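Engineer: Supplied in structure tokens, the structure appears directly below.
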Amino acid sequence: MKARISDSIADHFRGGEMATRINRLDWSQTSLGKLDAWSQSLKSVVKTLLASSYPMILTWGTDFIQIYNDAYSQLIGEKHPAALGSDIRITLAEAWDTLGPMIETVMSTGVANLTPALLLLLERSGYREESYFSVSHAPAEDDSGQIVGMLAVCSEVTQQVLGDRRLRLLRDLSSKAGATQSVEATCYDALCVIASSPMDVPFALLYLRDSDTKRLILQGSVGIQAGEVVSPRRIELETNGTDVWSLAKAANGETILIEGIDEYITILGGAFSEPVKSAIALPIASFGQTATLGVLVAGISPSRELDEGYRSFYELFAGQISVLVRNAQAYEEERRRAEALAELDRAKTVFFNNVSHEFRTPLTLILGPLEDVLSSKNGSKVTTEEREQLQLVHRNSLRLLKLVNTLLDFSRIEANRIEAVYEPVDLAVFTTELASVFRSTIERAGLRLIVDCPPLPEAVYVDREMWEKIVLNLLSNAFKFTFIGQISVTLRWYTEYVELEVQDTGTGIPAAELPYLFERFYRVQGSRGRTYKGSGIGLSLVQDLIRLHGGSVRVISKLNQGSSFIVSLPTSTAHLPTERIVSEHDLPNTASVTAAFVEEVRRWLPEEAGEQGSRGAKHFLLLCPSAPLLLCPYFTG
Ligand code: ADP
0 MKARISDSIA DHFRGGEMAT RINRLDWSQT SLGKLDAWSQ SLKSVVKTLL
50 ASSYPMILTW GTDFIQIYND AYSQLIGEKH PAALGSDIRI TLAEAWDTLG
100 PMIETVMSTG VANLTPALLL LLERSGYREE SYFSVSHAPA EDDSGQIVGM
150 LAVCSEVTQQ VLGDRRLRLL RDLSSKAGAT QSVEATCYDA LCVIASSPMD
200 VPFALLYLRD SDTKRLILQG SVGIQAGEVV SPRRIELETN GTDVWSLAKA
250 ANGETILIEG IDEYITILGG AFSEPVKSAI ALPIASFGQT ATLGVLVAGI
300 SPSRELDEGY RSFYELFAGQ ISVLVRNAQA YEEERRRAEA LAELDRAKTV
350 FFNNVSHEFR TPLTLILGPL EDVLSSKNGS KVTTEEREQL QLVHRNSLRL
400 LKLVNTLLDF SRIEANRIEA VYEPVDLAVF TTELASVFRS TIERAGLRLI
450 VDCPPLPEAV YVDREMWEKI VLNLLSNAFK FTFIGQISVT LRWYTEYVEL
500 EVQDTGTGIP AAELPYLFER FYRVQGSRGR TYKGSGIGLS LVQDLIRLHG
550 GSVRVISKLN QGSSFIVSLP TSTAHLPTER IVSEHDLPNT ASVTAAFVEE
600 VRRWLPEEAG EQGSRGAKHF LLLCPSAPLL LCPYFTG
């Protein structure tokens, strides 16, 4: 039963608009009867309700007649003022399925309830709206103490609920940023996030520009089948084909609202699974002024209007996708570059290997006959002058051989093709022998060589050739950078491991350079040495060779005071591959390796230096990391 407005205005209630309306309504037309005759309890509840600035509504009697305050009138939109004095079951018919049982329970049990975010379908703005209320229902009693009504205090929390939900979606999307591996995976992740929130995004199509930027390619879709008329897999941007979503315009940077889509496609969505009527096409911005990355087409929930909050959520979402896609593109680009570099590196290693082999054969063929001539084995008679010339050729051939051998070792290690043979070695004796080959050169330079390699309790398993290169490299470096004082070679036994220390009183290394010293091709700029020559391979090779023995190398150095390189080598065999351990081994002839080291070091002495200068420089093919081929001056002597 609907009340009419009374002609005689009784001034029972005071306050705002609702007090006036209640005073003026002809309540005799309702089951509540004339206002004058209202029970004391009804009047006092209405007074309380009108005094509240919080939205409140009272239903009274078996007809659930509604009386509410000003704040509540704002909540129900177009339903006000007709709701006053009417049956709530009619006013909120669309939400009664939810509200009815709650109110009836309160009235039958007398126990109040509280729902923090109750989803209600409301038709207060011309459409079925998804809205949320924080509601508390309490029983209302008449003068006799019988429950005859329900008093509800409620407030709308729609914006908080939607805001939280959308924020969660954005957060889920941004949390994918760390895992960015490829553009494809990123689009998939973004679409998965979209699929998790059909209430906000009933459907979506994600397009990205092709590499030539002239077309959009569909990366995936949610809530809509890919490859249909409304979801083409590709769109040519420069031809005027069918473009339901104004993709071309959106790709140019415009945000487009598309309405009436339910006329040609049925997609159900929103809080109450209704046909989606509109969608938005958003550009996915790229960095700076360049063309957009693509377009996101997203459905608008039929249960929500596209208000500012909803629109800015979509803008943020498209922005987030843009960041993810750009990150993924950068990552892919980086990976492509790394792969190209790795390929170049592989090619370089193969090239090093091939070239070193090619150099070694003719060098060996030069050295053999040369040594025969010099030792007069083949009965050749050479004059003193010719002998000197040939010795020069011999020395330089040895030197060349050393360079080639280093390159070969290096490329083998790079290609994982170096094969160590570990055998028990009396490391004290062997190391002493190796150090001693430098003695005369070191002493001729006015330095002291101290070799302190006491006998060790056990043999140590090493690859002899490799150990030789480790010791010779460290010693020749020590000599290169030491002008006064001494060089010492010390071996120490620590049961589990053995330590070799090559110490010098040389120029030292700046602290800032130390972390990079063992990197391949690394050289300390401007360091003062007996020669400016070097390849930066030596220490990196030493480190690789030691690692092949399960050991490590470290450096301690002080500028202008000296350096100490300490090699630590495990003593057992547990860390070595069993198939590469031998008890006896035919010793390779490494005399030429040692000779080459000694020869090179000898040439750094001032009195020998003239030999290289006088003959002038020719060019030698040196292989460098940044420029695979480089012509460097090489002294022919
Ligand atoms: P190279 O000697 O061919 O340049 P290395 O890898 O053997 O290459 O050495 C790298 C750099 O480390 C050298 O260029 C040098 O600056 C520095 N270095 C190595 N050993 C010493 C040392 N004993 N004293 C001072 N500097 C050293």
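Take numbering that gives the first Met the number 0: the final residue in the sequence shown is number 636, and no numbers are missing along the way.
Even for Gly, the Cβ is constructed at its ideal location relative to N, Cα and C.
Every value quoted in this text rests on a predicted model; they were computed, and no experiment measured them.
Please report the distance separating the alpha-carbon of E93 from that of E237.
Structural biologist: Taking the first residue of the sequence shown as 1, we reach residue 93 at position 94. Taking the first residue of the sequence shown as 1, we reach residue 237 at position 238. Each residue's alpha carbon lies about 49 Å from the other.
Engineer: Is there contact here, the region 160 to 171 with the region 293 to 300, by at least three beta-carbon pairs under 8 Å?
Structural biologist: Verdict: no, contact absent.
Engineer: Just verifying my parser: in three-state terms, what is the DSSP assignment at C452?
Structural biologist: Reading the sequence shown from its first residue, position 453 is the one you call residue 452. Note: C452 maps to coil in three-state DSSP.
Engineer: If you count every other CB in all the chains shown that lies within 10 Å of the CB of Q39, and 16 or more means buried, which is it?
Structural biologist: For this step, residue 39 is matched to residue 40 along the sequence shown. Exposed: under 16 other Cβ atoms inside 10 Å.
Engineer: Going by DSSP, what residue range makes up the alpha helix (DSSP H) through N352?
Structural biologist: As a working note, residue 352 is residue 353 in the sequence shown. Taken as a continuous stretch (DSSP letters only), the alpha helix (DSSP H) holding N352 covers E307 to L373.
Engineer: When you compare only the Cα positions, how much space is there between V134 and S43?
Structural biologist: Looking up residue 134 in the sequence shown gives position 135. Looking up residue 43 in the sequence shown gives position 44. Cα to Cα, V134 sits roughly 21 Å from S43.
Engineer: Excluding the 5 residues preceding and the 5 following G535 in the sequence, name in chain order all residues of the same chain whose CB lies nearer than 6 Å to its CB.
Structural biologist: Start at 1 with the first residue of the sequence shown, and residue 535 comes out as number 536. Correct list, in chain order: F520, Y521 and R522.
Engineer: Output the boundary residues of the alpha helix (DSSP H) element that contains N395.
Structural biologist: The residue you call residue 395 lines up with position 396 of the sequence shown. Segment T383 to E413, the alpha helix (DSSP H) holding N395.
Engineer: At the level of alpha carbons, what is the spacing between I56 and G148?
Structural biologist: Within the sequence shown, residue 56 is the residue found at index 57, counting from 1. Within the sequence shown, residue 148 is the residue found at index 149, counting from 1. So the alpha carbons of these two residues sit roughly 10 Å apart.
Engineer: Compute every distance between the C-beta of R522 and the non-hydrogen atoms of the ligand ADP, then say whether any falls below 6 Å.
Structural biologist: Working through the sequence shown from its first residue, we reach residue 522 at position 523. True, at least one ligand heavy atom lies under 6 Å from that Cβ.
Engineer: Is F478 a contact residue of the ligand ADP, with contact defined as CB to any heavy atom under 6 Å?
Structural biologist: As a position in the sequence shown, residue 478 is number 479, starting the count at 1. Every heavy atom of the ligand ADP is 6 Å or more from the Cβ of F478, so no.
Engineer: Where does the unbroken beta strand (DSSP E) through M149 begin, and where does it stop?
Structural biologist: Translated into positions along the sequence shown, residue 149 becomes position 150. Where M149 is concerned, the enclosing beta strand (DSSP E) stretches over I146 to E155.
Engineer: Beta-carbon separation of G505 and G445 under 7 Å?
Structural biologist: As a first step, residue 505 must be located in the sequence shown, where it is residue number 506. As a first step, residue 445 must be located in the sequence shown, where it is residue number 446. No, the pair does not count as a contact, with Cβ atoms beyond the cut-off.
Engineer: Less than 8 Å between the CB atoms is what I'm expecting for P576 and G550, so what's the real figure, rounded?
Structural biologist: In the sequence shown, counting from the first residue as 1, residue 576 sits at position 577. In the sequence shown, counting from the first residue as 1, residue 550 sits at position 551. About 15 Å; that fails the 8 Å criterion.
Engineer: Taking DSSP as the reference, what is the three-state secondary structure of Q560?
Structural biologist: Within the sequence shown, residue 560 is the residue found at index 561, counting from 1. Residue state, collapsed to three classes: coil.
Engineer: Where are the beta strand (DSSP E) runs, 3 residues long or more, that stay fully inside the region 185 to 224, in chain order?
Structural biologist: Correct list: 203 to 208 and 214 to 221.
Engineer: Thinking C-alpha only, which one of L190, E418, R20 and L400 is nearest T593?
Structural biologist: The sequence position of residue 593 within the sequence shown is 594, counting from 1. The residue with the shortest Cα to Cα distance from T593 is L400.
Engineer: If distances are taken between C-alpha atoms only, which option among S124, C153 and I89 comes closest to Y67?
Structural biologist: For the purposes of this step, residue 67 is taken as residue 68 along the sequence shown, with counting starting at 1. Minimum Cα distance to Y67 is reached at C153.
Engineer: Give the C-beta separation of R359 and L373 to the nearest angstrom, bearing in mind that I take them to be a contact with Cβ-Cβ under 8 Å.
Structural biologist: Walking along the sequence shown from the start, residue 359 turns up at place 360. Walking along the sequence shown from the start, residue 373 turns up at place 374. In fact, because the Cβ distance is near 20 Å, the residues do not count as touching under 8 Å.
Engineer: Is the separation between the beta-carbon of P509 and that of L558 shorter than 7 Å?
Structural biologist: In the sequence shown, residue 509 corresponds to position 510, counting from 1. In the sequence shown, residue 558 corresponds to position 559, counting from 1. Yes, these two residues count as a Cβ contact at 7 Å.
Engineer: For the beta strand (DSSP E) holding P100, just list the boundary residues, first then last.
Structural biologist: By one-based count along the sequence shown, residue 100 stands at place 101. Segment W95 to T108 is the alpha helix (DSSP H) holding P100; no beta strand (DSSP E) there.
Engineer: Under 7 Å between the Cβ atoms of G76 and R127?
Structural biologist: Counting from 1 along the sequence shown, the entry for residue 76 is found at position 77. Counting from 1 along the sequence shown, the entry for residue 127 is found at position 128. Not in contact: G76 and R127 (Cβ atoms no closer than 7 Å).
Engineer: Tell me, please, which residues DSSP counts as bridged to I483.
Structural biologist: On the sequence shown, residue 483 is found 484 positions in, with the first residue counted as 1. Per DSSP, none; premise fails for I483.
Engineer: Is there contact here, the region 312 to 322 with the region 208 to 223, by at least three beta-carbon pairs under 8 Å?
Structural biologist: The region 312 to 322 is not in contact with the region 208 to 223.
Engineer: Count the C-beta pairs between the region 264 to 272 and the region 280 to 290 that are closer than 8 Å, then say yes if the count reaches three, no if not.
Structural biologist: Verdict: no, contact absent.
Engineer: Does the Cβ of G252 lie closer than 6 Å to at least one heavy atom of the ligand GDP?
Structural biologist: Among the ligands in the structure shown, the ligand GDP does not appear; only the ligand ADP can be found there.
Engineer: When we look at the beta-carbon of S439 and count the other beta-carbons within 10 Å, is it buried (16 or more) or exposed?
Structural biologist: The count along the sequence shown starts at 1 and reaches residue 439 at position 440. So S439 ends up on the exposed side.
Engineer: Along the beta strand (DSSP E) that carries L540, what are the first and last residues, could you check?
Structural biologist: One-based indexing of the sequence shown puts residue 540 at position 541. Unbroken run through L540 is the alpha helix (DSSP H), G537 to R546; no beta strand (DSSP E).
Engineer: Grab me the residues of Q485's own chain with a C-beta within less than 8 Å of its C-beta, minus the 5 sequence neighbours each way, in chain order.
Structural biologist: By one-based count along the sequence shown, residue 485 stands at place 486. L446, R447, L448, I449, D503 and T504.
Engineer: Grab me the residues of D171's own chain with a C-beta within less than 8 Å of its C-beta, minus the 5 sequence neighbours each way, in chain order.
Structural biologist: One-based indexing of the sequence shown puts residue 171 at position 172. V192 and S195, listed in sequence order.
Engineer: I think R20 touches P80, with their Cβ atoms under 8 Å apart; what is that distance to the nearest whole Å?
Structural biologist: What you label residue 20 is simply residue 21 of the sequence shown in a count that begins at 1. What you label residue 80 is simply residue 81 of the sequence shown in a count that begins at 1. Rounded, the Cβ-Cβ distance is 6 Å, consistent with contact.
Engineer: Below 8 Å, can you find three or more Cβ-Cβ pairs linking the region 178 to 193 to the region 321 to 336?
Structural biologist: Contact holds: three or more Cβ-Cβ distances are below 8 Å.
Engineer: Cβ of S562 within 6 Å of any heavy atom in the ligand ADP?
Structural biologist: Taking the first residue of the sequence shown as position 1, residue 562 is located at position 563. Yes; taking the cut-off as 6 Å, the Cβ of S562 has a heavy atom of the ligand ADP nearer than that.
Engineer: DSSP has Y131 in a bridge; who is on the other side?
Structural biologist: Reading the sequence shown from its first residue, position 132 is the one you call residue 131. Note: Y131 sits in a beta bridge opposite L118.
Engineer: Buried or exposed, going by whether 16 or more other CB atoms sit within 10 Å of the CB of E694?
Structural biologist: In the structure as shown, the chain starts at 0 and stops at 636, and residue 694 therefore has no counterpart that could be examined.
Engineer: Quick one: using the 10 Å Cβ neighbour count with 16 as the cut-off for buried, is E599 buried or exposed?
Structural biologist: Counted from its first residue, the sequence shown places residue 599 at position 600. The residue in question, E599, is buried, as its Cβ has 16 or more Cβ neighbours within 10 Å.
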